[in-house]
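K.L.:
Under my numbering, residues 8 to 577 are what the first sequence spells out, in order.
This is the structure, below, for whatever I ask next.
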Amino acid sequence: MSSLYHTLETRLRQAFDALSPGADPVLRPSERADFQANGALGLAKVLGQSPREVASLVVATLDISDLGEIEIAGPGFINIRVDAAVMGERLRLLLDDERLGSAPREPRRVVIDYSAPNVAKEMHVGHLRSTVIGDCLARVHRFVGDTVIARNHVGDWGTPFGMLIEHLIDLGEADAIASLSVGDLDSFYRAARFKFEGDETFRERSRARVVALQGGDPETRRLWQLLVDQSVAYFSEVYAALDVLLTPQDVVGESSYNDQLEAVVEDLDRQGLLVESHGAQCVFPPGFAGRDGEPQPLIVRKSDEGFGYAATDLAAVRDRVSRLGANEIYYVVGAPQVQHFQMIFAVARLAGWLPDSVHCEHVAFGSVLGPDRKMFKTRSGETIKLSALLEDATDRARTELAQRRPEQSSTEREALARDVARAAIKYADLSTDRQRDYVFDLDRMISAEGDTGPYLQYAHARIRAVFRRAGQEVPRGVTPTIAEPAERALALGILAWPDAVSAALSSSQPHRLCGYLFDLAQRFSTFYEECPVLSAPDDIRDSRLVIIELTARILALGLSLLGIAAPEQM
RNA sequence: GCCCCCGUAGCUCAGCGGAUAGAGCACCGGCCUCCGGAGCCGGUGGCGCAGGUUCGAGUCCUGCCGGGGGCACCA
């Protein structure tokens with residue numbers, strides 16, 4: 008079954024098509040009716056008739072008598088009011104549909120590149136957005152039936168590993184592992200950096216170690232692997248704490264492409280795309296200019312013969328298309344990298360590695376800002392650890408819960424506090440247009456009322472509470488009656504679920520989903536005030552139980568796509 | 001210098017070329033003999049500026065102002 012919106016749009020499209028092939032009905036939700044089609048106004052000029060005339064021509068060939076009523080209003084809006092019985096019937100059908108009306112699509116193979124922390128470095132707020140947004144997109148794509156291949160492109164290669172390995176040797180393996188396993192990666196990194204900057208012999212050892220690493224020296228590789236493994240284990244802890252689906256199997260770091268870099272360069276050279284400039288091997292994709300107005304190079308191989316991250320990214324594109332068979336590739340990486348990815352995609356297309364049939368997109372996002380609207384840092388100017396952020400939020404949630412639910416057991420409260428904390432942080436991150444920067448404000452996202460993750464969880468928990476009190480499950484075989492305005496509004500909200508999913512999917516914008524869920528929760532709250540459920544006569548009570556059951560299911564399902572839990576009680 | 005993103009209510013944000021620009025927070029006023037008040041109902045308050053395209057512009061185009069970011073070997 009397609010969504011109500013989709014059904015109507017298809018009918019309208021046919022009617023518009025008869026007048027002007029391919030014309031868009033411009034169907035929108037309406038405040039004056041249930042839906043309004045604005046397409047007639049735009050067609051008027053083309054057809055040389057008045058908008059109202061066009062609208063009546065459309066209406067003449069439009070048969071939706073099985074769905075609702077049509078009215079031409081104002082200058083030429085086609086207003087549609089859906090029959091209550093139609094809505095009731097659709098709601099009844101949804102009760103047996105785990106997907107709540109959102110049909111799976113033709114499955115696609117989708118690679119999503121996200122999170123990408125650095126080995127031997129702490130995960131900090133800078134990784135929050137990539138991780139949370141990428142995780143949400145992965146869940147949404149899986150939900151619509153796609154095969155999702157998550158790629159955690161961790162920074163596990165490059166010159167810093169010389170000093171990191173030497174530092175590891177200085178500490179001794181056992182001590183090094185111990186210090187890394189407590190999750191204090193930054194102090195390990197800082198100590199290495201400190202020696203590198205202050206100690207000439209250490210610097211020399213580090214340089215030699217990089218050469219050994221790149222040369223494939225087994226002992227060096229073993230030590231490097233230790234660093235990687237320890238870090239990945241730590242990342243996994245953070246992902247678990249965040250309730251993010253990434254696993255160690257998804258880690259395909261920069262080093263994974265090492266043995267393909269040579270081939271990338273050769274292939275570019277063979278195709279005549281490679282140009283030497285200032286000793287570096289470059290590709291100059293058309294349309295990119297640098298500071299001086301000169302063409303901007305993508306440096307594939309540095310003048311010291313080393314490979315830059317462009318080479319790695321090119322190898323990754325190639326691999327994802329040719330070996331993984333991706334139909335779609337998403338890079339959930341910060342907005343400052345736009346130009347880099349534009350160039351990577353341009354070169355990959357030039358080289359024929361990225362056919363037009365493969366959709367490749369940089370899912371760019373803005374920065375997390377502090378209260379001062381600058382990059383979110385601690386007062387002393389240090390980056391904020393993701394784990395610390397979560398702990399803070401959990402503390403706040405725990406305090407809040409202790410006040411509201413003093414009777415809760417501490418184990419119960421602890422689990423809830425974590426769910427609420429994650430909801431607060433993730434929802435705040437996902438609910439704004441990802442392209443923009445946003446201000447991190449724990450007060451607002453966790454303890455405030457309003458458009459927050461906890462509010463959505465609360466709405467869901469209230470519904471579950473009704474069923475607990477009712478002492479029954481949702482009645483089967485009931486066709487809801489849509490009578491009250493608040494019922495109607497809520498029903499329309501429920502029936503719009505598939506549209507919210509596809510909006511979020513096609514735009515890679517989780518905030519479309521958030522906005523929908525918040526709207527649904529508000530519709531429910533209004534309904535809840537105005538339409539008694541348990542005290543209503545039996546038939547109305549059953550009808551309303553169905554309506555709120557569907558609401559709760561959508562809230563839970565929607566939250567799950569955001570990576571947020573929907574507890575039964577709060 | 002060039003390029004990209006962003007300027008919407010006091011604050012944080014929605015707004016897919018369409019009717020009277022919406023939420024949340026804050027503020028003011030209502031609502032618990034009634035299913036969870038982290039709630040509901042009502043009110044105050046706004047599209048940076050100037051042009052243009054369009055029947056219609058917060059939305060598209062140009063310029064300006066303001067903020068952020070990027071522009072050759074660190075990823």
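We put the beta carbon where it would ideally sit given N, CA and C, even for glycine.
I'd like the list of long-range same chain contacts for D506, defined as Cβ closer than 6 Å, with 5 residues on each side in sequence excluded.
P.N.:
Mapped onto the first sequence, residue 506 falls at position 499. The answer, listed in chain order, is S10 and Y12.
K.L.:
I'd like the span of the alpha helix (DSSP H) that includes S509, first residue to last.
P.N.:
The count along the first sequence starts at 1 and reaches residue 509 at position 502. Counting along the chain, the alpha helix (DSSP H) containing S509 begins and ends at W504 to S514.
K.L.:
Measuring straight from C-alpha to C-alpha, what distance separates I306 and A355?
P.N.:
For this step, residue 306 is matched to residue 299 along the first sequence. For this step, residue 355 is matched to residue 348 along the first sequence. Cα to Cα, I306 sits roughly 13 Å from A355.
K.L.:
Out of S72, L397, A400 and L234, state which residue places its alpha-carbon closest to the alpha-carbon of D90.
P.N.:
Position 83 of the first sequence, counted from the first residue, corresponds to residue 90. Checked all of S72, L397, A400 and L234; the closest Cα to D90 is S72.
K.L.:
For L566 and F201, what's the separation of their Cα atoms in angstroms?
P.N.:
Indexing the first sequence from 1 puts residue 566 at position 559. Indexing the first sequence from 1 puts residue 201 at position 194. Going by the C-alpha atoms only, they are around 44 Å apart.
K.L.:
What would DSSP say about V117, mapped onto helix, strand or coil?
P.N.:
The residue labelled residue 117 in the question sits at position 110 within the first sequence. Three-state result, V117: strand.
K.L.:
Use the C-beta contact count for P124: other C-beta atoms within 10 angstroms, 16 or more gives buried, fewer gives exposed.
P.N.:
By 1-based counting over the first sequence, the position of residue 124 is 117. Counting other Cβ atoms within 10 Å of its Cβ, P124 reaches 16 or more and is therefore classed as buried.
K.L.:
Give me the DSSP bridge partner(s) of F314.
P.N.:
Walking along the first sequence from the start, residue 314 turns up at place 307. F314 is bridged to R308.
K.L.:
Taking the continuous beta strand (DSSP E) assigned at I87, which residues delimit it?
P.N.:
Indexing the first sequence from 1 puts residue 87 at position 80. That run of the beta strand (DSSP E) goes F84 to V89.
K.L.:
Would you check if there are 3 or more beta carbon pairs closer than 8 Å linking the stretch 521-530 to the stretch 147-166?
P.N.:
no
K.L.:
Count the other CB atoms within 10 Å of the CB of M8; is the residue buried (16 or more) or exposed (fewer)?
P.N.:
As a position in the first sequence, residue 8 is number 1, starting the count at 1. Exposed, since its Cβ has fewer than 16 Cβ neighbours within 10 Å.
K.L.:
In the DSSP assignment, find the unbroken alpha helix (DSSP H) run with Q410 in it and report its ends.
P.N.:
Along the first sequence, one-based indexing puts residue 410 at 403. Run containing Q410: L393 to R411, per the alpha helix (DSSP H) assignment.
K.L.:
What separation, rounded to the nearest whole angstrom, lies between the Cα atoms of F447 and E211?
P.N.:
On the first sequence, position 440 is the one that residue 447 refers to. On the first sequence, position 204 is the one that residue 211 refers to. Their Cα atoms are separated by approximately 42 Å.
K.L.:
Under DSSP, the alpha helix (DSSP H) around H148 begins and ends at which residues?
P.N.:
Taking the first sequence and counting its residues from 1, one reaches residue 148 at position 141. Per DSSP, H148 belongs to the alpha helix (DSSP H) from V132 to F150.
K.L.:
Could you give the distance in angstroms between the alpha-carbon of D450 and the alpha-carbon of M577?
P.N.:
Within the first sequence, the letter at position 443 stands for residue 450. Within the first sequence, the letter at position 570 stands for residue 577. Rounded to the nearest angstrom, the two C-alpha atoms are 19 Å apart.
K.L.:
By the 10 Å Cβ neighbour count, where 16 or more other Cβ atoms means buried, how is G286 classified, buried or exposed?
P.N.:
If you number the first sequence from 1, residue 286 lands on position 279. The residue is exposed, with fewer than 16 neighbouring Cβ atoms inside 10 Å.
K.L.:
Suppose you measure from the CA of R298 to the CA of P343; what does that come to, to the nearest Å?
P.N.:
To locate residue 298, count along the first sequence from 1; it is residue 291. To locate residue 343, count along the first sequence from 1; it is residue 336. Take the alpha-carbon of R298 and the one of P343: they are about 16 Å apart.
K.L.:
Check this for me: beta carbons of A323 and R116, under 9 Å apart or not?
P.N.:
For the purposes of this step, residue 323 is taken as residue 316 along the first sequence, with counting starting at 1. For the purposes of this step, residue 116 is taken as residue 109 along the first sequence, with counting starting at 1. Not closer than 9 Å, so no.
K.L.:
For the beta strand (DSSP E) containing T208, list its first residue and its last residue.
P.N.:
Taking the first residue of the first sequence as position 1, residue 208 is located at position 201. Run containing T208: none in the beta strand (DSSP E); it sits in the alpha helix (DSSP H), E207 to G222.
K.L.:
Pick out whichever of R441, S284 and L48 has its Cα sitting closest to the Cα of S27.
P.N.:
On the first sequence, residue 27 is found 20 positions in, with the first residue counted as 1. Minimum Cα distance to S27 is reached at L48.
K.L.:
Please work out which residues of its chain come closer than 8 Å, Cβ to Cβ, to V271, disregarding the five sequence neighbours upstream and downstream, and give them in chain order.
P.N.:
The residue you call residue 271 lines up with position 264 of the first sequence. Taking V271 as the centre and dropping the five residues before and after it, the same chain places the C-beta of V307, A318, L321, A322 and R325 closer than 8 Å to its C-beta, in chain order.
K.L.:
With contact counted as at least three CB pairs below 8 Å, one residue from each stretch, are the stretch 417-426 and the stretch 400-408 in contact?
P.N.:
yes
K.L.:
Measure the C-alpha to C-alpha separation of V340 and Q349 and round it to an integer number of angstroms.
P.N.:
As a first step, residue 340 is located in the first sequence; it is residue number 333 there, counting from the start. As a first step, residue 349 is located in the first sequence; it is residue number 342 there, counting from the start. Whole-angstrom Cα-Cα distance: 12 Å.
K.L.:
DSSP beta-bridge partners for T418?
P.N.:
Looking up residue 418 in the first sequence gives position 411. Per DSSP, T418 has no beta bridge partner at all.
K.L.:
Taking just the CA atoms, how far does A493 sit from Y462?
P.N.:
Counted from its first residue, the first sequence places residue 462 at position 455. Counted from its first residue, the first sequence places residue 493 at position 486. C-alpha separation (whole angstroms): 19 Å.
K.L.:
Kindly identify the DSSP beta-bridge partner or partners of H366.
P.N.:
Indexing the first sequence from 1 puts residue 366 at position 359. According to DSSP, H366 bridges with E335.
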